[in-house]
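There are 2 protein chains.
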Amino acid sequence: MFEFEILKKSKKSRARAGLLKTAHGVIETPAMVPVATQGAIKTLTAEQVKAAGSHILICNTYHLHLRPGEKVIKSAGGLHKFMNWRAPLMTDSGGFQVFSLGFGKDLGVSKIIKGEIKRSIGRNEQPKSLVITDKGVTFRSHLDGKKIFLDPKESIRIQRDLGADIIFAFDECPPPHADRYYVRESVERTHRWAKVCLKYRNSKQALYGIVQGGRFKDLRVESARFIGSLPFDGFGIGGELGGSVSAMKKMLAWVTDELPKDKPRHMLGTGHLQDIPAIIAAGADTFDSVVPTHFGRHGTAFTSSGRLNISNAKFISDKDSLDKKCGCDVCVNYSRSYISHLFRAREITGMQLLTMHNLYFFNKFVENIREKIKKGKF
Amino acid sequence: MFEFEILKKSKKSRARAGLLKTAHGVIETPAMVPVATQGAIKTLTAEQVKAAGSHILICNTYHLHLRPGEKVIKSAGGLHKFMNWRAPLMTDSGGFQVFSLGFGKDLGVSKIIKGEIKRSIGRNEQPKSLVITDKGVTFRSHLDGKKIFLDPKESIRIQRDLGADIIFAFDECPPPHADRYYVRESVERTHRWAKVCLKYRNSKQALYGIVQGGRFKDLRVESARFIGSLPFDGFGIGGELGGSVSAMKKMLAWVTDELPKDKPRHMLGTGHLQDIPAIIAAGADTFDSVVPTHFGRHGTAFTSSGRLNISNAKFISDKDSLDKKCGCDVCVNYSRSYISHLFRAREITGMQLLTMHNLYFFNKFVENIREKIKKGKF
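As structure tokens, this is what we get:
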């Protein structure tokens, strides 16, 4: 069972408020989707994630395929039961991890992103640990170096066994700064693979196609038109975002203008707080983000008056809550002083409290935008 | 406000069931007191600790004195408010940590305990990083090497600022395997210090005196008589336990037979599951234990059919709960398979789930004994 109902469209932007209906419940959109990479939101129980106001999570097909393996999860009755998450779930296709692990390791893409090396990645450049052909991708497990082959059919099979409500087509995610020739070849491959994924879909899971095209307008538009013409239940927007909010906003607009208006759109792997209004304004209904959880584990609290580095000495005697305007369990019960102490004393409970607060804060942030859209005020 | 009411005494043993009444609530005894060393049960929030059935915690004066310092905690409104624990709290005197850190480091006591070195610690042996005189102890912080002086007056002052319901007198905890001459001198010092602690007591906190005397019957009896004759609100039993359950049982009996019958007794720093019935049978009303939390973080689950090493490969596809007979949130909602996966994938959530379960399991274990005592069946 999968339905998307649009309740209200913004007049001033591409934003819309809607309902995403799945067999495991209905979620209101726009919504942030926290990332439960290995089947858990790091440092939290499922109960705590729910209490923080999250209603949908995304898990990582690549990681779960390697460990514990989809066989274990299928035999447990699927991912929902396995991880005690009785609400909607997504799984990504595994493509992003395969490519990012390969390119990050062998071609130093992380250095290119950071600006330490200035160059593009050319069409014939391939990381050593990754062999990409039209058939699929051969790569090595980051856990034990074992050779693994993934292709569209295999990705859909794994995702079927995992059993999420929404799954994604297997795409090639080209490295950021890939040149036009590289991206063109890659987009064409992603398009061929999209059709294979549709062939192996099943009626129990919604399947989202993925639009690629990097930072090139013509390729993005072409990809959105092609993927948008296929009978997917929704659409993911992946790949390079452009490096700035305005570039991302433009890129998203190229794509959403071409996609079917009545189907849901998911923005893959983004969600810095300051980008969220732009993501929603450009017409994304959901987006997955590691920001609240990742920053929480590393001592950053998001608040209505900006970020706090909670380990900072000035917080050790600060009796206020993290955010006076926040109504989360953490802000009601704990002080900056205590959480600062926990971080300085390297107590895991500190990471937990910040993760809970950050999730709640991001969820509220998105909820406020949602309410504004509904009232025609966004 | 502090009262101890004995509801029922066992006829076959020294065990009793009672109520410990403090300004922050009443707890039923016998009770296990989990250890929140730095003001948090590791990996859990206060809400999760309560949900696991714990009603009283003990914090560590030495650790909290060093970080964040009692000044911060006092200004936060005391330890209860600081750590969001609105139920009874204990703090130890700091003595144990001072001595164990010094002896462990400089005299290799840990090797003596493990049997790697066979010898006693003599009267004139002192660790380099620790100077013990009749006045008090000078030692170095394990965090930054700063010199710190602690004496009975200072320990009571720090504990007053921390603000727990039950505090302990500052004692000297001699190293295990200390010889008779060493222990005799040390016991006498502890007795002198006990009187100083009473001088600085306050009416808001219950003060427990500590019985020492190592493995020597005459010294234990002497210490119990002396400390028992002083107007403490309750009594701690500290120091060497004898190395076996039967030795510990004997030692405890020497002591509890000498202590006032109407006052509560706390067994310091013990609580392996198999020892708990003996501890209670010997007449301890409370005891603090790191066992459920420490083992939980390291992957051991306690169950009605024995211990599980949850990382073991056989659990990865085991769909049962940790313990079929357990009604805790973890056993109701999560499988061995999932928790095993979390440990293998190094997810903190796994440590959290095992800690919750183990606390619940130990609390239930003690509760069962308590109910048996009440029914005259222990």
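Residue numbers (the working numbering), protein chains in the order written: chain A, 1 to 378; chain B, 379 to 756. Ideal Cβ placement from N, Cα and C applies to all residues, glycine included. Just so it is clear, the structure is predicted and the values come from calculations on it, not from any experiment.
Taking 6 Å as the limit between beta carbons, can you name the residues of its chain near A/L101, skipping five residues before and five after?
Here residue 101 of chain A corresponds to residue number 101 of the first sequence, with the count starting at 1. Within the same chain, A/L101 has close Cβ partners H142.
Of the residues A/S317, A/H357, A/C331, which one's Cα is nearest the Cα of B/E448?
As a first step, residue 448 of chain B is located in the second sequence; it is residue number 70 there, counting from the start. Selected option, being the one with the closest Cα: A/S317.
I'd like to know whether the C-beta of A/A345 is nearer than 7 Å to at least one C-beta of chain B.
Residue mapping note: residue 345 of chain A aligns to position 345 of the first sequence, counting from 1. Closer than 7 Å to some Cβ of chain B, the Cβ of A/A345 qualifies, so yes.
Could you tell me whether the Cβ atoms of B/Y738 and B/G403 are closer together than 7 Å?
For this step, residue 738 of chain B is matched to residue 360 along the second sequence. For this step, residue 403 of chain B is matched to residue 25 along the second sequence. No, they are not a contact pair.
Using only alpha-carbon positions, find the residue among A/G327, A/R201, A/D233, A/S186 that is nearest to A/G239.
Position 239 of the first sequence, counted from the start, is the residue given in the question as residue 239 of chain A. Checked all of A/G327, A/R201, A/D233, A/S186; the closest Cα to A/G239 is A/S186.
Under the three-state reduction of DSSP, which class applies to B/K428: helix, strand or coil?
Along the second sequence, one-based indexing puts residue 428 of chain B at 50. Looking at B/K428 - three-state DSSP - the assignment turns out to be helix.
Report the rounded CA-to-CA distance for B/F610 versus B/G456, giving the unit in angstroms.
On the second sequence, residue 610 of chain B is found 232 positions in, with the first residue counted as 1. On the second sequence, residue 456 of chain B is found 78 positions in, with the first residue counted as 1. For B/F610 and B/G456, the distance between alpha carbons rounds to 23 Å.
Contact criterion: CB-CB distance below 7 Å. Does B/L720 meet it with respect to chain A?
On the second sequence, position 342 is the one that residue 720 of chain B refers to. At least one chain A Cβ lies under 7 Å of B/L720.
Could you tell me the boundaries of the beta strand (DSSP E) in which B/F380 lies?
One-based indexing of the second sequence puts residue 380 of chain B at position 2. Note, B/F380: beta strand (DSSP E), 380-387.
Within the same chain, show all residues whose beta-carbon is closer than 6 Å to that of A/L308, passing over the 5 residues directly before and after it, in chain order.
Within the first sequence, residue 308 of chain A is the residue found at index 308, counting from 1. Counting only Cβ-Cβ distances below 6 Å, and skipping sequence neighbours, we find A301.
With 7 Å as the threshold, decide whether the Cβ of A/S141 is near any Cβ in chain B.
What you label residue 141 of chain A is simply residue 141 of the first sequence in a count that begins at 1. It does not: the Cβ of A/S141 has no partner Cβ on chain B nearer than 7 Å.
Examine chain A for any beta-carbon lying closer than 7 Å to the beta-carbon of B/A625, and answer yes or no.
As a working mapping, residue 625 of chain B is identified with position 247 in the second sequence. Closer than 7 Å: no.
State yes or no: is the beta carbon of B/K697 nearer than 7 Å to at least one beta carbon in chain A?
Along the second sequence, one-based indexing puts residue 697 of chain B at 319. Closer than 7 Å: yes.
Residues of the stretch 26-46 of chain A with a CB closer than 7 Å to any CB of chain B: list them in chain order, please.
Taking 7 Å as the Cβ-Cβ cut-off against chain B, the residues of the stretch 26-46 of chain A that qualify are Q38, G39, A40, K42, T43, L44, T45.
Which of the three DSSP states is assigned to B/L585 in this structure?
The count along the second sequence starts at 1 and reaches residue 585 of chain B at position 207. Three-state result, B/L585: strand.
Is it true that the CB of A/P88 sits closer than 7 Å to the CB of A/I165?
Taking the first sequence and counting its residues from 1, one reaches residue 165 of chain A at position 165. Taking the first sequence and counting its residues from 1, one reaches residue 88 of chain A at position 88. Note on identity: in this sequence residue 165 of chain A is Asp, with Ile being the wrong assignment. A contact, by the Cβ cut-off of 7 Å.
Helix, strand or coil: how does DSSP classify A/V291 here?
As a working mapping, residue 291 of chain A is identified with position 291 in the first sequence. Looking at A/V291 - three-state DSSP - the assignment turns out to be helix.
Identify each residue in the stretch 304-315 of chain A for which the Cβ-Cβ distance to at least one residue of chain B is less than 8 Å, and report them in chain order.
Residues passing the 8 Å Cβ filter: none.
Can you tell me the Cα-Cα spacing of A/A278 and A/F287, whole angstroms?
Indexing the first sequence from 1 puts residue 278 of chain A at position 278. Indexing the first sequence from 1 puts residue 287 of chain A at position 287. So the alpha carbons of these two residues sit roughly 12 Å apart.
Can you name the residues of chain A whose CB is closer than 7 Å to the CB of B/S453?
Residue numbering aside, residue 453 of chain B sits at position 75 when the second sequence is read from its first letter. Near B/S453 (Cβ distances below 7 Å), the residues of chain A are S317.
Quick check on A/R86: buried or exposed, where buried means 16 or more other Cβ atoms within 10 Å of its Cβ?
In the first sequence, counting from the first residue as 1, residue 86 of chain A sits at position 86. By the neighbour-count rule (16 or more Cβ atoms within 10 Å), A/R86 is not buried but exposed.
Tell me whether B/H676 is buried or exposed, calling it buried when 16 or more other Cβ atoms sit within 10 Å of its Cβ.
Within the second sequence, the letter at position 298 stands for residue 676 of chain B. So B/H676 counts as exposed.
Between B/P642, B/G649, B/I605, which lies nearest to B/L619 when the distance is taken from Cα to Cα?
Against the second sequence, residue 619 of chain B aligns to sequence position 241. Nearest of B/P642, B/G649, B/I605 to B/L619, Cα basis: B/G649.
Are B/I534 and B/C575 touching if we call contact CB-CB under 7 Å?
The residue labelled residue 534 of chain B in the question sits at position 156 within the second sequence. The residue labelled residue 575 of chain B in the question sits at position 197 within the second sequence. Result yes, Cβ atoms of B/I534 and B/C575 sit closer than 7 Å.
State the DSSP-derived secondary structure class of B/R685, mapped to helix, strand or coil.
One-based indexing of the second sequence puts residue 685 of chain B at position 307. Three-state DSSP puts B/R685 in a strand.
Give the residues from the stretch 425-456 of chain B that approach chain A closer than 7 Å (Cβ to any Cβ), ordered along the chain.
The residues in question are R445, P446, V450, S453, A454.
Got a sec: is the Cβ-Cβ distance from A/Y360 to anything in chain B below 7 Å?
Working through the first sequence from its first residue, we reach residue 360 of chain A at position 360. Judged by the 7 Å Cβ criterion, A/Y360 is not in contact with chain B.
Confirm, please, whether the CB-CB distance from B/M468 to B/I436 is below 7 Å.
Within the second sequence, numbered from 1, the residue matching residue 436 of chain B stands at position 58. Within the second sequence, numbered from 1, the residue matching residue 468 of chain B stands at position 90. Cβ distance < 7 Å, so B/I436 and B/M468 count as in contact.
Going by CA-CA distance only, name the one from A/P176, A/G94, A/K81, A/C331 that's closest to A/N358.
In the first sequence, counting from the first residue as 1, residue 358 of chain A sits at position 358. Cα-wise, what sits closest to A/N358 is A/C331.
Distance, Cα to Cα, B/Y586 vs B/P642?
Here residue 586 of chain B refers to the residue found at position 208 when the second sequence is read from its first residue. Here residue 642 of chain B refers to the residue found at position 264 when the second sequence is read from its first residue. Distance between the alpha carbons of B/Y586 and B/P642: 9 Å.
I need the boundaries of the alpha helix (DSSP H) containing A/L64, first residue and last residue.
In the first sequence, counting from the first residue as 1, residue 64 of chain A sits at position 64. 61-66 is the extent of the alpha helix (DSSP H) around A/L64.
Tell me, please, whether the CB atom of B/F665 is closer than 7 Å to any CB atom in chain A?
Residue 665 of chain B sits at position 287 when you count from the first residue of the second sequence. Judged by the 7 Å Cβ criterion, B/F665 is not in contact with chain A.
With a threshold of 7 Å on Cβ separation, who are the neighbours of B/I335 within its own chain once the five nearest residues in sequence on each side are excluded?
Since the displayed chain B opens at 379 and closes at 756, residue 335 of chain B lies outside it and no answer follows.
From what residue to what residue does the beta strand (DSSP E) around B/I419 run?
The residue labelled residue 419 of chain B in the question sits at position 41 within the second sequence. Counting along the chain, B/I419 falls outside any beta strand (DSSP E), and DSSP gives it neither H nor E.
Which class does B/I436 belong to by DSSP, given the choice of helix, strand or coil?
Along the second sequence, read from residue 1 onward, the residue named residue 436 of chain B stands at position 58. DSSP places B/I436 in strand when its eight states are reduced to three.
Note down, in chain order, every chain B residue with its Cβ under 8 Å from the Cβ of A/T349.
Position 349 of the first sequence holds residue 349 of chain A. Neighbours of A/T349 on chain B, chain order: A418, I419, K420, T421, L422, T423.
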